[in-house]
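According to the numbering used here, the sequence shown is numbered sequentially starting from 2.
The structure appears right after this line, and notes come after that.
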Amino acid sequence: MDTREELRRRGAHVRTRLFGSADAPSGTGAVPGLGPLTDELIYGEIWSRPGLAAKDRMVCTLAALGATERLPQLRRYIPAALELGLSPRGVHEVLLQAGLYAGFPATENAAGVAADVFRSRGVAVDEELDPPAGAEDLAARGRAMLQRLHGARGQQGYAAPGNDVTGALYPLVIAYGYGVLWHRPGLEVRERALCAVAAFTALKLVDQLCKFGQSALNVGLDRQAVIEAVIQTAPYSGFSPALNALAALGPLLGEAR
């Protein structure tokens, strides 16, 4: 077992690799000991865990920060995301995916931060939009993605056919959520599943987390990666929501297919 001093040294190394500076964030100096604690816990422990690549951890981090509109922290992490290999378009897509769950004003606010970062770094953003399709095509494409992700569970709960209450809204979710957003370029489907797991955890939406956490196993993620996606959100949107999410999701992870 690593000593706390070893964790702090490892964490400082990870932090420096992410942000390019040996200096701790300025805000951590306001509370005595916060800087060493964040090195130890966030970077020495959580960012250093096996089971999820650093780029995937960044996708989860941006999703949690974007969904909860932690904008100063988002400003700091976006350059690190680029350094880890996430494209500018990929950053935008993470924020858009999180906005589907948190509300598009969250995406607008987060995307404004991203635009400032890209402008300051002289980074161009790919303007390619989602592939064109008519309304019927969107619905068909959405139903196909719904089936790919959720299988039979895609027809349960608020998604059950014939529900005249949720049915007033859910066809739009199928067409524009599954039919448009899940097909846009910039992120792989497995990365969008990571976004969903992280955002639902951050937003404390346990029912949706359980649904998408199981479905993530159907699009290229394994059980440990789903668990790590939840854990990755803990420093950014709270350890208690992450623990609640793990408690609810854990018994289900062997059942998705």
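The C-beta atom is built at its ideal place from N, Cα and C for all residues, glycine as well.
P186 and L254 have their C-alpha atoms some 28 Å from each other.
Taking the CA atoms as reference points, E7 sits about 14 Å from R50. The count of Cβ pairs closer than 8 Å, one atom from the stretch 146-157 and one from the stretch 113-126, stays below three, leaving the stretches out of contact. F201 and R122 have their C-alpha atoms roughly 31 Å apart. With fewer than 16 neighbouring CB atoms inside 10 Å of its own CB, M2 falls in the exposed class. Residues A136, L139, A140, G143 of the same chain have their beta carbon placed closer than 8 Å to that of A176, with the five preceding and five following residues left out of the count. Spatial neighbours of R11 in its own chain (CB-CB distance under 8 Å, excluding positions within 5 residues in sequence) are listed in chain order as D3, Y44, G45, S49.
Cβ-Cβ distances below 7 Å link T62 to Y78, Q233, Y237 in the same chain, with the five nearest sequence neighbours on each side left out; the list follows chain order. Inter-residue distance for Y179 and L96 is about 16 Å (C-alpha atoms, whole angstroms). Taken through DSSP and simplified to helix, strand or coil, V190 comes out as helix.
Less than 8 Å divides the Cβ of W183 from the Cβ of V190.
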